[in-house]
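In my numbering, the protein residues as written are 10 to 357.
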Amino acid sequence: MKSSLDYNDKRPVVILAIESSCDETSASVVADGTILSNVIATQSVHQSYGGVVPELASRAHQQHIVPVVYQALSEAKITKTMLSAVAFTQGPGLLGALLVGSSFAKSLAYGLDIPLIGINHMQAHILAHFIEDPRPTFPFLCLTASGGHTQIVRIDDYLSMTIIGQTQDDAVGEAFDKAAKIMGFPYPGGPLIDQYAKTGNARAFSFPNTSMPGYDFSFSGIKTAFLNFLNKEKSRNPDFVQENSVDICASIQQKLVDMLLDKLALAARDTGIRQVAIAGGVSANTALRENITQLGRQEDWRIFIPRLEYCTDNAAMIAMAAHYKYLGRHFADLHASPDPRLQLESGN
Ligand code: KG4
Ligand code: ZN
Numbered sequence: 010m011k012s013s014l015d016y017n018d019k020r021p022v023v024i025l026a027i028e029s030s031c032d033e034t035s036a037s038v039v040a041d042g043t044i045l046s047n048v049i050a051t052q053s054v055h056q057s058y059g060g061v062v063p064e065l066a067s068r069a070h071q072q073h074i075v076p077v078v079y080q081a082l083s084e085a086k087i088t089k090t091m092l093s094a095v096a097f098t099q100g101p102g103l104l105g106a107l108l109v110g111s112s113f114a115k116s117l118a119y120g121l122d123i124p125l126i127g128i129n130h131m132q133a134h135i136l137a138h139f140i141e142d143p144r145p146t147f148p149f150l151c152l153t154a155s156g157g158h159t160q161i162v163r164i165d166d167y168l169s170m171t172i173i174g175q176t177q178d179d180a181v182g183e184a185f186d187k188a189a190k191i192m193g194f195p196y197p198g199g200p201l202i203d204q205y206a207k208t209g210n211a212r213a214f215s216f217p218n219t220s221m222p223g224y225d226f227s228f229s230g231i232k233t234a235f236l237n238f239l240n241k242e243k244s245r246n247p248d249f250v251q252e253n254s255v256d257i258c259a260s261i262q263q264k265l266v267d268m269l270l271d272k273l274a275l276a277a278r279d280t281g282i283r284q285v286a287i288a289g290g291v292s293a294n295t296a297l298r299e300n301i302t303q304l305g306r307q308e309d310w311r312i313f314i315p316r317l318e319y320c321t322d323n324a325a326m327i328a329m330a331a332h333y334k335y336l337g338r339h340f341a342d343l344h345a346s347p348d349p350r351l352q353l354e355s356g357n
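Spelled out as structure tokens, the structure:
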């Protein structure tokens, strides 16, 4: 790998980024901070299993990675020799899935003799806010809500982030998916709950509060309460779910969204930070997007909501994070291994 870079080089900084942390194989090209392509191959193989099957995910990544990378380069009208660096998701995520992306990125960087950049997936979800306008200024708060994480993060600079609250058990995306599974929906059920909820009454059913101290969350109690509630209703009326599906979806969705926004509002009030963002797969949720917009008006916040394409897993966010790491010369060496539990720390 290139050990010394030419700091006077005036050519654009062009980075190929690869995302393979879970069940999306994605590649993106960024040139001087502008996204030129963002190709995503979704794996439908997991639908009937009620969750992502790690071994199947790794195999699907192996099948998709070459065509996805080629498509990303071709849409960006970039050839491999024009690349300044190759970036990959280092973690957190599924080890076998991460290995496919990291091995590919390492081989390419080695073959082209260009730097390699390891990216923290959760940091990238937040940096998706710098793909296009409006971009937040520092500091801002971000609620990062995905299938594996639920965090409130304070962002002081592109690579300087501090978690101020997080879930102590399940992630909110997991709670959405588990609620959907209990209702008999295929994986991932979060988007289906969102879809059904659109015509439902969010106040039709109520669920108990499960509160955590400070800015932390807990979603395991609500999942159990939801299961018990449905079992009780079904014992009285076996068709309860079919007859009330839109109201059930709207009510559980509202409960989860309220739990998220209560803590976010508390964090914003306590820190005095009035720029508030959401990120991660669950930020695609319609109720969350509408409710935070309303709350923002009440609280006089500047709200940042990513375009749907940049909410769920994608390589454009990895490319954006790589752009800032490239500027700071934060390069990985060829021995960098994927870390399924990689923590979000400053510069990581
Ligand atoms: O960020 P992401 O794509 O992958 C992870 O890093 O986990 O998030 C996936 C999660 C899944 O739990 C999925 O059900 C949830 O985001 N999700 C949604 C919606 N779209 C995706 N949950 C609720 N409403 C949605 N519209
Ligand atoms: Zn994600």
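Glycine residues also receive a C-beta, built at the ideal position from the N, C-alpha and C atoms.
Source: prediction; values computed, not measured.
Between the alpha carbons of L270 and R306 lies a gap of roughly 13 Å. Secondary-structure assignment with DSSP links C151 through a beta bridge to V162, A286.
The continuous beta strand (DSSP E) containing T51 extends over residues 43-51.
Taken in chain order, the unbroken stretches of beta strand (DSSP E) that lie wholly in the stretch 89-120 and span 3 residues or more are 94-100.
Short note on D322: C-beta closer than 7 Å to some heavy atom of the ligand ZN. At a cut-off of 7 Å, the beta-carbon of P200 counts as near the ligand KG4: some heavy atom of the ligand is closer than that. The ligand KG4 approaches V291 closely enough that one of its heavy atoms is under 7 Å from the residue's Cβ. Distances taken from the Cβ of S93 to the heavy atoms of the ligand ZN include none shorter than 7 Å. Counted as a single uninterrupted DSSP element, the stretch harbouring V23 is not any alpha helix (DSSP H) but the beta strand (DSSP E) occupying residues 23-28. In this structure the stretch 282-294 does not touch the stretch 228-246; the number of beta carbon pairs closer than 8 Å is below three.
Shortest Cα-Cα distance from I126 to any of D342, I161, D178, V162 involves D342.
For the 8 Å CB-CB criterion, A328 and A96 form a contact.
Closest in C-alpha terms to A234, from the list K334, R245, I261, comes I261. Between A26 and A331, the C-beta gap is smaller than 8 Å, which places the two residues in contact. Within 7 Å of the C-beta of S116 there is not a single heavy atom belonging to the ligand ZN. Excluding five sequence positions before and after E33, the CB atoms of its chain that fall closer than 6 Å to its own CB belong to I49, T51, D322, given in chain order. Contact between P200 and F313 does not hold, since the beta-carbon distance rounds to 21 Å and is not under 8 Å. Set against 7 Å, the gap from the CB of P197 to the closest heavy atom of the ligand KG4 is smaller. Residue side-chain check: H130 places its Cβ nearer than 7 Å to a non-hydrogen atom of the ligand ZN. Residue range 324-336 is occupied by the alpha helix (DSSP H) that includes M329. Taking a C-beta distance under 8 Å as the contact criterion, I74 and V38 do not qualify as a contact pair. DSSP, read as helix, strand or coil, puts I172 in strand.
Contact annotation, L92 with L121: C-beta distance approximately 6 Å; criterion of less than 8 Å satisfied.
When beta bridges are read from the DSSP output, R311 appears opposite Q284. Looking at the DSSP output, G127 bridges to F97.
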